[in-house]
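In my numbering, the protein residues as written are 391 to 613.
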């Protein structure tokens with residue numbers, strides 16, 4: 391089983407800004423590219439951080455409203471520094487949350503969840519930007535064809551990993567939902583089968599209607 395890699399899902403056409411890019415030009419880059427964030431790079435193209443719409447909006451939330459509404463109460467020093475920033479390196483969130491092109495989409499999704507971010511900057515071995523992968527890019531895995539999913543389950547899970555006779559197990563896939571029928575040689579195989587099928591790229595759910603020839607999970611009673 392091989393999960394799809396980030397380099398096959400990421401956007402390679404990346405809009406970035408230099409550390410010295412002025413505030414207004416950062417806003418222009420976001421607007422013209424129709425993205426919510428851009429990497430900030432140094433002279434060598436190495437990523438320093440990410441500046442997002444949220445970072446830029448601190449410029450307005452830190453100020454009192456002309457109508458009399460107060461500014462955000464008691465902002466932290468780092469928040470004030472961001473709000474007062476005029477260049478990309480003063481506005482950005484750093485360090486950037488990055489990934490490598492060879493990572494799987496599962497690794498990328500877990501990092502996004504842990505870090506609470508919507509996108510990852512993809513960098514090479516020298517930390518130069520080579521792409522950006524977003525939550526939307528990762529969700530493309532679930533557009534995988536049902537027939538491709540069925541073939542992987544039959545070839546990699548049933549035959550390659552569990553050494554089962556594919557003729558004894560029926561695999562149906564519809565809209566990423568897997569249904570398994572047939573007969574297993576042992577009941578104890580069922581949890582592993584469900585887990586492995588659920589881990590196949592593009593699988594939404596796994597439902598089993600399986601019988602078994604022997605129950606190897608039952609403990610023998612002592613005489």
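Just so it is clear, CB atoms sit at the ideal spot from N, CA and C, and this is done for glycine as well.
Hey, how far is the Cα of residue i from the Cα of residue j?
i           : j           : result
residue 430 : residue 479 : 7 Å
residue 542 : residue 569 : 14 Å
residue 409 : residue 446 : 15 Å
residue 424 : residue 440 : 16 Å
residue 590 : residue 506 : 25 Å
residue 615 : residue 534 : This structure cannot settle anything about residue 615, because the visible part of the chain is limited to 391 through 613.
residue 597 : residue 544 : 15 Å
residue 414 : residue 448 : 14 Å
residue 412 : residue 444 : 16 Å
residue 594 : residue 417 : 38 Å
residue 576 : residue 609 : 14 Å
residue 580 : residue 557 : 16 Å
residue 432 : residue 438 : 7 Å
residue 516 : residue 564 : 43 Å
residue 404 : residue 555 : 47 Å
residue 428 : residue 477 : 13 Å
How close, in whole Å, do the beta carbons of residue i and residue j come, if the pair is a contact with beta carbons under 8 Å?
i           : j           : result
residue 518 : residue 402 : With a Cβ gap of about 13 Å, residue 518 and residue 402 do not count as contacting.
residue 527 : residue 399 : 5 Å
residue 525 : residue 508 : 6 Å
residue 421 : residue 483 : Not really, about 19 Å apart at Cβ, beyond 8 Å.
Residue i and residue j: beta carbons closer than 8 Å?
i           : j           : result
residue 566 : residue 536 : yes
residue 419 : residue 407 : yes
residue 396 : residue 491 : yes
residue 562 : residue 607 : no
residue 498 : residue 523 : yes
residue 592 : residue 539 : yes
residue 602 : residue 583 : no
residue 511 : residue 501 : no
residue 585 : residue 494 : no
residue 682 : residue 571 : The requested residue 682 does not occur in the structure, where the chain is confined to residues 391 to 613.
At least one CB of chain D closer than 8 Å to the CB of residue i: is that the case?
i           : result
residue 438 : No chain D appears in this structure, which consists of one protein chain only.
Within the continuous alpha helix (DSSP H) that includes residue i, where are the two ends?
i           : result
residue 585 : 580-588
residue 567 : Here residue 567 belongs to no alpha helix (DSSP H); instead the beta strand (DSSP E) covers 567-576.
residue 351 : Within the shown structure, residues of the chain are numbered from 391 to 613, placing residue 351 beyond reach of any answer.
residue 418 : 413-423
residue 481 : 478-481
What span of residues does the beta strand (DSSP E) with residue i cover, start to end?
i           : result
residue 504 : From DSSP, residue 504 is part of no beta strand (DSSP E) but of the alpha helix (DSSP H) over 495-505.
residue 628 : Only positions 391 to 613 of the chain appear in this structure, which leaves residue 628 out of reach.
residue 429 : 427-431
residue 438 : 437-442
residue 533 : First-last for residue 533: undefined, no H or E at that position.
residue 562 : 559-564
residue 604 : 595-604
What does the Cβ neighbour count give for residue i, buried or exposed, with the cut at 16 atoms within 10 Å?
i           : result
residue 489 : buried
residue 504 : exposed
residue 532 : exposed
residue 550 : exposed
residue 475 : buried
residue 481 : buried
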